[in-house]
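All remarks here apply to the structure that follows.
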Amino acid sequence: MNLSQQEQDRYCRQMLMPGWGHGAQSRLKQSRVFIAGAGGLGSPVSIYLAVAGIGTLRICDCGELELSNLNRQILHDDSRIGWNKALSAKATLERMNPDITVEALQEQITADSVAGLIGNADLILDCLDNFPTRHIINEYAVNKGIPVIHAGVYGMQGQITFIKAPETPCLWCISAGTPAAVFPIVGATAGVIGCLEALEAIKYLSGVGTNLKDRLLIWDGEKIEFMELPQKKIAGCPVCGHLSTAG
Ligand SMILES: [Zn+2]
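With positions in the sequence shown counted from 1, the corresponding number in my numbering is that position plus 130.
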């Protein structure tokens, strides 16, 4: 896919990366990603994917912007209280980079709606705040063979991993579920984890670098420490257990 002169100028600093050039940048331009959630994680994730030149961002959020969102959801601002967050995200991202396409989906992700919302995306970014919805996405992604970058934040802590079943454990193998609740969160924590999530996506889509497979990276912002937990498939996992790595 050809890059315009404006695109070559816009992305010239990342195209200087070893192994990047026109090839990787064209791959980013052709990519379609699904971003689940336009909140604390979805903000840094979508902003960095937009400015990196990911060709099509499909961002999904059925929520309306509230004042209490604004300590972390930097896609939005005070003037947009009451807006649908996906629409607000589209307005912000198109202003940041008019060379990409942003699709705003205002629907709730359910077992019935998930296929129509995600479709044949190349990659799914989990920027959600609850495990029931994550598990709906996980099941769809496993069955369609679409990789997912999972991330979660709480307080000053966060976690992230790259899932591509059956090559890696699926989200069910990693976490069978945690109840949804209103939880404390410092906005910069979502910034740390969201930036890692965006970088994982850019590496996967460009083909430059390696991904965080079979490892759950944990960030403890209070102590400024990263740690890693190795991840294994659960034998008989109800979501990915029927797939073989050979297939
Ligand atoms: Zn599994």
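Quick reminder that beta carbons are idealized off the backbone N, C-alpha and C, glycines included.
Segment limits, alpha helix (DSSP H) that includes residue i
i	result
Thr226	Inspection of the sequence shows that residue 226 is occupied by Met rather than by Thr. Lys215 to Met226 is the extent of the alpha helix (DSSP H) around Met226.
Val322	Gly317 to Ser336
Ala415	This structure leaves residue 415 out entirely; the chain is present only between 131 and 377.
Buried or exposed by the 16-neighbour rule on C-beta atoms within 10 Å, applied to residue i
i	result
Val278	buried
His206	buried
Ser336	buried
Leu158	buried
Ala376	Per-residue confidence for Ala376 stands at a pLDDT of 49, beneath the threshold of 50, marking its modelled position as unreliable; no derived number is given.
Asn201	exposed
Ile354	exposed
Glu196	exposed
Thr319	buried
Leu187	buried
Gly288	buried
Ala311	exposed
His372	exposed
Ser209	exposed
Glu358	exposed
Leu146	exposed
Ile304	buried
Cys142	exposed
Bridge-paired residues (DSSP) for residue i
i	result
His280	Asp256 and Thr291
Gly285	Ile315
Ile266	Its beta-bridge partners do not exist; DSSP assigns none.
Arg345	Pro360
Leu235	Cys190
Gly350	Residue identity differs from the one stated: residue 350 is Asp in this sequence, not Gly. DSSP, once it has assigned bridges, lists Gln287 and Glu355 as partnering Asp350.
As assigned by DSSP and simplified to three states, the class of residue i
i	result
Gly377	Reliability of the predicted coordinates at Gly377 is poor, the pLDDT of 45 falling under 50, and the value obtained from them is presented with this limitation in mind. The answer is coil: DSSP assigns Gly377 none of H, G, I, E or B.
Ile230	coil
Cys190	strand
Trp302	helix
Leu247	helix
Met145	helix
Gly153	helix
Asn199	helix
Gly371	coil
Leu205	coil
Asn273	helix
Host beta strand (DSSP E) of residue i (start-end)
i	result
Val163	Arg162 to Ala166
Glu358	Glu355 to Pro360
Asp139	Looking at the DSSP string, Asp139 is not in any beta strand (DSSP E); the run it does join, the alpha helix (DSSP H), is Gln135 to Arg140.
Ile211	Premise fails: Ile211 is in no beta strand (DSSP E) and is neither H nor E.
Residue-level contact to chain B via CB, residue i, 9 Å cutoff
i	result
Glu330	This model lacks chain B altogether, as it is built from one protein chain only.
So does the stretch 167 to 185 actually touch the stretch 252 to 261, counting three or more Cβ pairs closer than 8 Å?
Yes: at least three Cβ pairs fall under 8 Å.
Decide yes or no for the touch test of the stretch 288 to 303 against the stretch 360 to 374: beta carbon pairs closer than 8 Å, at least 3 of them.
Judged by pairs of C-beta atoms under 8 Å, the stretch 288 to 303 touches the stretch 360 to 374, as three or more such pairs exist.
The stretch 183 to 203 in contact with the stretch 226 to 238 per 3-pair CB rule at 8 Å:
Three or more beta-carbon pairs drawn from the stretch 183 to 203 and the stretch 226 to 238 are found closer than 8 Å, and the two stretches are therefore classed as touching.
Does the stretch 207 to 220 touch the stretch 240 to 252, meaning 3 or more C-beta pairs lie closer than 8 Å?
Because the criterion of three Cβ pairs below 8 Å is not met, the stretch 240 to 252 and the stretch 207 to 220 do not touch.
Could you tell me whether the stretch 262 to 270 touches the stretch 335 to 351, where touching means 3 or more Cβ pairs closer than 8 Å?
Flag = no, the stretch 262 to 270 and the stretch 335 to 351 do not touch.
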